[in-house]
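Mapping of the sequence shown onto this note's numbering: position 498 corresponds to residue 1522, and the numbering continues sequentially without gaps. Built from N, CA and C at the ideal position, the CB exists for glycine as well. Quick caveat, the model's predicted, so the values are computed rather than measured. Take a look at the structure set out below.
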Amino acid sequence: MSWHRPATWCRRSRYEQRDRKLYPGPFWAAVSPGVDLGMSLFEELKRRNVIRVGIAYAVGTWLLAQAADLVLDVMGAPDIILRSLVAILALGFIPAVLFAWAFEMTPEGIKKEKDVIRDQSITNQTAKKLDIATIALVIGAVVLLAVDRMLPEQGSLPPVGGSEAADTPPANREQGSLLQKNETPETRSIAVLPFVDMSPAKDNEYFTDGLTEELLNILAQIKSLQVAGRTSSFAFKGKTEDLRDIGEKLNVNTLLEGSVRKDDQRQRIRVTVQLINVADGYHIWSDTYDRDLEDIFAIQEDIALRVAEALKINLLGEEEARIVDHSSTDLSAYELYLQGIQSFNTFSYDGLRDAELLLKQALVLDPEYQPASLALVKVLLEQEETGVRSPAEINLMASPLLDAMLENDPHNSDAHALRARLFEANRNFAQAHSEYQLALNSNPRNVNALSSFGRFLFQRDQIDEGLGYLQQAAQIEPYDIKLQWDLCITNAQLLNDAAARRECGRLTDISASNPMQYYGLMYLHEYQGEFAEAMVLRELAIKADPADPELTAGMALTWLDLGDIEQAKIWLDKTARINSKSPAAVVARMAVLMHQEQFQEALGVAQQAYEDKLPNRHGSNEAIYRLLARDRVQRGDFDGALEILNGLLPAGLDSPLQSDNIDDASLLSHMALVTKLQNPASEQAIDLLNHADELNQRNSGRKIPFTKPLTQATIDAARGDKEAAIRSLKDAIEKGWRWDWQDAMYRDIQFQSLHDEAEFKELIIYLEADMEAQRLQAYERLGLPQ
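Rendered as structure tokens:
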């Protein structure tokens, strides 16, 4: 609430003085009948000391206001108190000068001016006293103004962020401070930059990063404060950019930075922290904490409260900031937790495994430590997404942790967001939707909830709403590589060429070496049926990340689509050398064997994967289960085929007609066909097809446009409407469908009824010609001999 306006308060307006005669009037007659009307008003004001009283009153009021500003500033009092005081003092000016006009000091005390005999008046003596008092007040004002100009605001340190900040003129600095005070609520924002590890051995990075993240989490509890996300803040770790440039890139107006020196031998810690105004690079507040290591939680709380207080004074005005109590625990459990967080943030398979072990150890020491429970659930969900664990497995491990947290804190936004992801992994979509809404009701700026909900809605064909949530999350986390990937791939799936190139291009800006920068545009070309262009980008991605078996397996599958079995086998061998047991390697091996007409060998690979309960990765289970179901159908084992296909349904579903948690119309049509082959008059087959048709009609057709007509072709074929099926297939081909086309057109039971149709054969001829042309183009683009 610093209020620096000495220059404007001391200035008095100057008006042109004009000599004029006073004419008799009711006011003068009533106030002082003894006035010499021939005397100028100015001379009479001087004689009665009215001017001196006015000057003394103005100077004294200014000093009083400045003193009140300092006192109220220290007390953290709201601005309204100072404003009210200034208003009262201003209103008192008129009564003061009227009093000086109408009354006079005499040896006998205060008398009305009209009752004082002119020869006995002592106004000259009073004038001298007023002059002395005014001079004293002016001297005090000059001293206060000088001190105010020399001292930085809020006890701040010199400017930071480069020479430009140091060269900022004082006038500009003051202007920047005033702008800070007048900011609107929409601009209150802060980023917590990674603290610097100042330990002698530089071996406490995990602790320093953990402290940074904990402070970020605490500050994020202030509802009226926008806090930049962890990933975006850490994107500037170790960089020497001007702090004002960082603030602009993160779209915040304040930065919190500091350093940590941890002395394990003495069990002591020193934390230096400073809050910086991005506009001018000057410190708003800073402090140093020298404490016992076990006081780390008290340090975190105190820093958060001091920052909140400083922001309230300089940014938030009267809005009350709320900081929730932060969890504390045994120091050993806390260090294990921080080490687990560090391992998790590597986002590697080994890192996830190490994080799980460390966090479990922390929970053994303190089973009630909520941050460790939340972090463990995040690790488990990440393992499910990367195919390390099945949804059922993580459900058993994570549900009790989330239930305990929400029982203790029903409004825990992070816990609700994680529970939503757990429901989603188990295909309980209705519950997932409700949990996401609870998470965002508790904290509308929860980045994990915003991004996860955005992906969820997008996949459920709520395209615009899903993109809206993703974009909200990206405003908070502009440097989150995973979130940027979401924006890249969603626009690619919509075939928004310009937007996809823009969003995928930002991946390069964020991380120049990350292979994701090639994925999005690679998929964009594949969705459009442009395989040769996609393969060039896939090869670049493989060079950037040669240890990813999914990339090499994808190259093998694309060569199969183009009709080059030898190139497919080369890439399959590369995949096997990386990880022969990955879902991508298994699916690629099955496909190569099927193309070589080694059907029994392919079935053996699929059966083994089925028995091993291979994690589902990018639809791998669908390819495995459908191949096994196809084999059972061909052997007349329809019940066995349906049992296999039932494995693709959400867990706990008694009937495929329970539609709330089924979003796969193609699967329903496949089950309907098997049911119909078993019993042509089956009512259930009709119900399944009707329901599949209803689901597909709800599909907007915007996301990967060829999927809707391709699914419709399977429904039409299962109904026996060959003309409609071929028409839908043609539509899918025109919209870019090429993926796995040979298996679908030649071997899939869903299109077997179409094989003798002339128009169906024409579609195969068209696809073969297109693949031959693209194969030649791929040879040329990749520099391979034809």
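Check whether residue i and residue j have beta carbons under 9 Å apart
| i | j | result |
| --- | --- | --- |
| Leu1596 | Ala1612 | yes |
| Asp1572 | Pro1607 | no |
| Thr1296 | Asp1319 | no |
| Ser981 | Ala1379 | Not covered by the structure: residue 981. The range shown for the chain is 1025 to 1810. |
| Glu1406 | Ser1414 | no |
| Lys1402 | Leu1442 | yes |
| Gln1774 | Ser1706 | no |
| Thr1255 | Tyr1503 | yes |
| Val1276 | Ala1215 | yes |
| Leu1584 | Val1616 | yes |
| Pro1395 | Glu1281 | no |
| Val1599 | Thr1582 | First, the residue type needs correcting, since residue 1599 is Thr and not Val in the sequence shown. Going by C-beta atoms, Thr1599 is not nearer than 9 Å to Thr1582. |
| Ile1791 | Arg1762 | Looking at the sequence itself, residue 1791 is Leu, so the reference to Ile does not match. Yes, Cβ-Cβ distance for Leu1791 and Arg1762 is below 9 Å. |
| Gln1483 | Gly1490 | yes |
| Ser1750 | Glu1781 | A small fix is needed here, since residue 1750 is Ile in this sequence, not Ser. Yes. |
| Leu1335 | Gly1305 | no |
| Asn1515 | Glu1527 | yes |
| Ile1418 | Leu1430 | no |
| Val1110 | Ala1089 | yes |
| Ala1696 | Asn1703 | no |
| Leu1511 | Arg1530 | yes |
| Ala1322 | Leu1243 | no |
| Phe1258 | Asp1227 | no |
| Ala1422 | Ala1386 | no |
| Leu1651 | Ser1644 | no |
Proximal residues to residue i (C-beta, below 7 Å), its chain only, five neighbours per side dropped
| i | result |
| --- | --- |
| Leu1586 | Phe1555, Met1795, Gln1798, Arg1799 and Ala1802 |
| Leu1355 | Leu1317 and Glu1318 |
| Gln1736 | Asn1720 and Ser1752 |
| Gln1552 | Leu1519 and Gly1760 |
| Ala1463 | Ser1437, His1440, Ala1441, Ala1444, Asn1470 and Ala1473 |
| Glu1804 | none |
| Ser1690 | Thr1735 and Thr1738 |
| Thr1353 | Asp1390 and Tyr1393 |
Extent of the continuous alpha helix (DSSP H) run through residue i
| i | result |
| --- | --- |
| Gln1298 | Run containing Gln1298: none in the alpha helix (DSSP H); it sits in the beta strand (DSSP E), Arg1292 to Asn1301. |
| Leu1280 | Run containing Leu1280: none in the alpha helix (DSSP H); it sits in the beta strand (DSSP E), Thr1278 to Asp1287. |
| His1619 | Pro1607 to His1619 |
| Ile1487 | Ile1487 to Ile1500 |
| Asp1588 | Element bounds for Asp1588: n/a, residue is neither H nor E. |
| Ser1397 | Gln1394 to Glu1409 |
| Val1657 | Ser1644 to Gln1658 |
| Trp1509 | Ile1505 to Gln1517 |
| Lys1384 | Tyr1373 to Leu1389 |
| Val1629 | Phe1623 to Glu1635 |
| Arg1530 | Asp1521 to Ile1534 |
| Gly1234 | Glu1229 to Leu1243 |
| Arg1562 | Phe1555 to Ala1568 |
| Tyr1790 | Ala1782 to Leu1806 |
6 Å CB neighbourhood of residue i in its chain, flanking five on each side removed
| i | result |
| --- | --- |
| Pro1729 | Lys1759 |
| Gly1725 | Lys1732 |
| Ile1513 | Gly1544 |
| Met1174 | The predicted model places Met1174 with a pLDDT of 47, which falls under 50 and marks its position as unreliable; any figure quoted below should be read in that light. Contacts found: none. |
| Pro1809 | none |
| Tyr1230 | Leu1362, Gln1363 and Gln1366 |
| Val1348 | For Val1348, the predicted structure reports a pLDDT of 44, less than 50, and the residue's modelled location is therefore unreliable. The matter cannot be settled from this model. |
| Arg1659 | none |
Whole-angstrom C-beta distance between residue j and residue i, which should lie under 8 Å
| i | j | result |
| --- | --- | --- |
| Ala1580 | Ala1592 | 5 Å |
| Gly1364 | Leu1383 | 4 Å |
| Leu1787 | Lys1754 | 6 Å |
| Ser1475 | Arg1445 | About 11 Å separates the two Cβ atoms, so there is no contact after all. |
| Ile1293 | Val1284 | 7 Å |
| Met1618 | Asp1767 | 6 Å |
| Leu1712 | Val1657 | Going by Cβ atoms, the distance from Leu1712 to Val1657 rounds to 15 Å, so no, they are not a contact pair. |
| His1549 | Leu1564 | Not really, about 12 Å apart at Cβ, beyond 8 Å. |
| Tyr1542 | Ala1522 | So it is not a contact: roughly 18 Å between Cβ atoms. |
| Leu1669 | Ala1653 | 5 Å |
Cβ-heavy atom distance, residue i to the ligand NAP, below 8 Å
| i | result |
| --- | --- |
| Ser1604 | Among the components of this structure there are no ligands whatsoever, and the ligand NAP is therefore not found. |
Residue range of the beta strand (DSSP E) that includes residue i
| i | result |
| --- | --- |
| Ile1214 | Ser1213 to Val1216 |
| Thr1312 | His1307 to Asp1316 |
Proximity test, Cβ basis, 9 Å: residue i and chain D
| i | result |
| --- | --- |
| Ile1566 | Considering every chain present, this structure includes no chain D. It has just one protein chain. |
Close Cβ partners of residue i (< 8 Å) along its chain, the five nearest in sequence each way excluded
| i | result |
| --- | --- |
| Phe1447 | Phe1453, Gln1455, Ala1456 and Glu1459 |
| Ala1793 | none |
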